[in-house]
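Student: Below are the structure tokens for one structure; questions will follow.
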Amino acid sequence: MRLEGKVAVITGGGSGIGAATAEAFTREGARVVIADIDAAAGESVAKALRAAGGTIDFLEADASGQADLERVIGFATSTHGRLDVLHNNHVSFEAGRIGDLTWDGLRRSLDVGLVSYWYATKLALEPMLAQGRGSIVNTASVSGLAGDFGLGAYNMLKAGVVNLSRVTGIEYARKGVRCNAVCPGPIGTPPIDRLHDAAPATWEAIREAIPMGRYGRAEEIAAAVLFLASDESSFVTGTHLVADGGLWAHSGMPPIGGLGPDF
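For the sequence shown, the working numbering begins at 124 and goes up steadily by one.
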């Protein structure tokens, strides 16, 4: 098993990519601590994975708070005596055009989606450096590599996550600690499900823009996170792995001469 004997912390582990990653990690032998602000969701994930034979704990936590992050990392290290993997995976942001964002909304977006990633990383580095090894995987996005209409705050924070991963990767490369980002495209997680119900035409337009013609699945992103967390990626650090069905590869130009993705 690829994570046998390793200890992992996953934030935002109560649903979507975080829950799928928790399943992948426990399946591969890791002892996992998941944190989420949604207590019911987090408890449900932990209960299901324990029933499947996984070693997992859940902590209710607001990842935007210093004290909660300290409590989560502290729990993992005090309970298991080490920390091998940190998967920063939580986010919250204000939507709207750049000129319509509010001071408080943008600040909270950056605090939750970027500053807290840095602080969790800072906390995780202490045990990882003491061990001489560790892997930090940050959930970024293709929206951190390009711009989207009406998602300026999200674009800003995810771009920051990409570069946080780069600088952490190079600064600790000779200390045995790796750091990388995974950049998903549109994934069929609860926010996308809600979009389908609220604006089906928009949901369909996004799906059609993906060259593969479908939304990604949370377990597909979890597989990418598992690779970056495991020793299989031992020479990979300071970079980002794009998993988006080809979305970022497309220039955005409409099909010319009828030569579209379907033929």
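Built from N, CA and C at the ideal position, the CB exists for glycine as well.
1) Below 8 Å, how does it come out for the segment 179-197 and the segment 149-161: are there three or more Cβ pairs, yes or no?
2) Between which residues of its own chain and Ile-221 is the CB-CB distance below 8 Å, once the five residues before and five after are set aside?
3) Specify, as a first and last residue, the run of the beta strand (DSSP E) that Glu-183 falls within.
4) With burial defined as no fewer than 16 other Cβ atoms inside 10 Å of the residue's Cβ, what is the status of Ser-232: buried or exposed?
5) Measuring only the C-alpha atoms, how far is Trp-241 from Ala-174?
6) Of the residues Ile-344, Glu-342, Leu-370, which one's Cα is nearest the Cα of Ala-269?
7) Any chance you could list the beta strand (DSSP E) runs of at least 3 consecutive residues sitting entirely within the segment 297-335, in chain order?
8) My assumption, with CB atoms under 8 Å, is that Cys-306 sits in contact with Ala-263. Please give the rounded CB distance.
9) According to the neighbour-count rule (16 or more other Cβ atoms, all chains shown, within 10 Å of its Cβ), is Asp-367 buried or exposed?
10) Specify the secondary structure class of His-203 as computed by DSSP and reduced to three states.
11) Go ahead and pull the three-state DSSP assignment for Val-168.
12) Give the range of the beta strand (DSSP E) segment to which Leu-209 is assigned.
13) Please name the residue in Ala-147, Ser-288, Gly-381, Gly-311 whose C-alpha comes closest to that of Leu-126.
14) Can you tell me which of Phe-358, Thr-325, Ala-169, Glu-331 puts its alpha carbon nearest to the alpha carbon of Gly-299?
15) Quick one: does Met-376 have its CB under 8 Å from some CB of chain C?
16) Just to confirm the assignment: which complete alpha helix (DSSP H) runs, minimum length 4, are found wholly within the segment 201-268?
17) Rounded to the nearest angstrom, what separates Gly-336 and Arg-330 at their Cα positions?
18) Take Met-124 and list the residues in its own chain whose beta-carbon comes closer than 7 Å to its own, dropping the five residues that flank it on each side.
19) Going by alpha carbons, who is nearest to Gly-137 out of Pro-334, Trp-326, Thr-312?
20) Using the beta-carbon count (16 or more within 10 Å), is Lys-170 buried or exposed?
21) Measure the beta-carbon distance from Ile-179 to Thr-144 and round it to whole angstroms, keeping in mind my assumption that it falls under 8 Å.
22) I need the straight-line Cα distance from Leu-114 to Met-279, nearest angstrom please.
23) For Ile-133, name the three-state secondary structure that DSSP assigns.
Tutor: Put simply:
1) Note that the segment 179-197 touches the segment 149-161; at least 3 beta-carbon pairs, one per stretch, sit closer than 8 Å.
2) Stepping through the sequence shown from its first residue, residue 221 is reached at position 98. Correct list, in chain order: Gly-275.
3) What you label residue 183 is simply residue 60 of the sequence shown in a count that begins at 1. Counting along the chain, the unbroken beta strand (DSSP E) around Glu-183 starts and ends at 178-183.
4) Taking the sequence shown and counting its residues from 1, one reaches residue 232 at position 109. Looking at its Cβ environment, which holds 16 or more other Cβ atoms inside 10 Å, Ser-232 is buried.
5) Here residue 241 is taken as the residue at index 118 of the sequence shown, counted from 1. Here residue 174 is taken as the residue at index 51 of the sequence shown, counted from 1. In a straight line, the C-alpha of Trp-241 is about 33 Å away from that of Ala-174.
6) In the sequence shown, the residue the question calls residue 269 occupies position 146. When only C-alpha atoms are compared, the closest one is Leu-370.
7) For the segment 297-335, the full-length beta strand (DSSP E) segments reaching 3 residues or more read 300-307 along the chain.
8) Along the sequence shown, read from residue 1 onward, the residue named residue 306 stands at position 183. Along the sequence shown, read from residue 1 onward, the residue named residue 263 stands at position 140. About 5 Å; that satisfies the 8 Å criterion.
9) Counted from its first residue, the sequence shown places residue 367 at position 244. Counting Cβ neighbours within 10 Å, Asp-367 comes out buried, since at least 16 surround it.
10) Here residue 203 refers to the residue found at position 80 of the sequence shown. In the structure shown, His-203 sits in a helix (DSSP, three-state: H, G or I).
11) In the sequence shown, residue 168 corresponds to position 45, counting from 1. Val-168 falls in the helix class under three-state DSSP.
12) Within the sequence shown, residue 209 is the residue found at index 86, counting from 1. 208-211 is the span of the beta strand (DSSP E), which, as asked, contains Leu-209.
13) For the purposes of this step, residue 126 is taken as residue 3 along the sequence shown, with counting starting at 1. Taking only the C-alpha atoms, the option nearest Leu-126 is Ala-147.
14) If you number the sequence shown from 1, residue 299 lands on position 176. Minimum Cα distance to Gly-299 is reached at Phe-358.
15) Among the chains in the structure shown there is no chain C, since it carries only a single protein chain.
16) The qualifying runs are 226-233, 239-254.
17) For the purposes of this step, residue 336 is identified with residue 213 of the sequence shown, where counting begins at 1. For the purposes of this step, residue 330 is identified with residue 207 of the sequence shown, where counting begins at 1. Going from the Cα of Gly-336 to the Cα of Arg-330 covers about 6 Å.
18) Residue mapping note: residue 124 aligns to position 1 of the sequence shown, counting from 1. Only Glu-151, Gly-152 meet the Cβ criterion.
19) The count along the sequence shown starts at 1 and reaches residue 137 at position 14. Taking only the C-alpha atoms, the option nearest Gly-137 is Thr-312.
20) For the purposes of this step, residue 170 is taken as residue 47 along the sequence shown, with counting starting at 1. Its Cβ having fewer than 16 others within 10 Å, Lys-170 is exposed.
21) The residue given as residue 179 occupies position 56 in the sequence shown. The residue given as residue 144 occupies position 21 in the sequence shown. The beta carbons of Ile-179 and Thr-144 sit about 12 Å from each other, so the pair does not count as a contact at 8 Å.
22) Past the edges of the chain, shown from 124 to 386, lies residue 114, and the structure says nothing about it.
23) Counted from its first residue, the sequence shown places residue 133 at position 10. Here Ile-133 sits in strand by DSSP.
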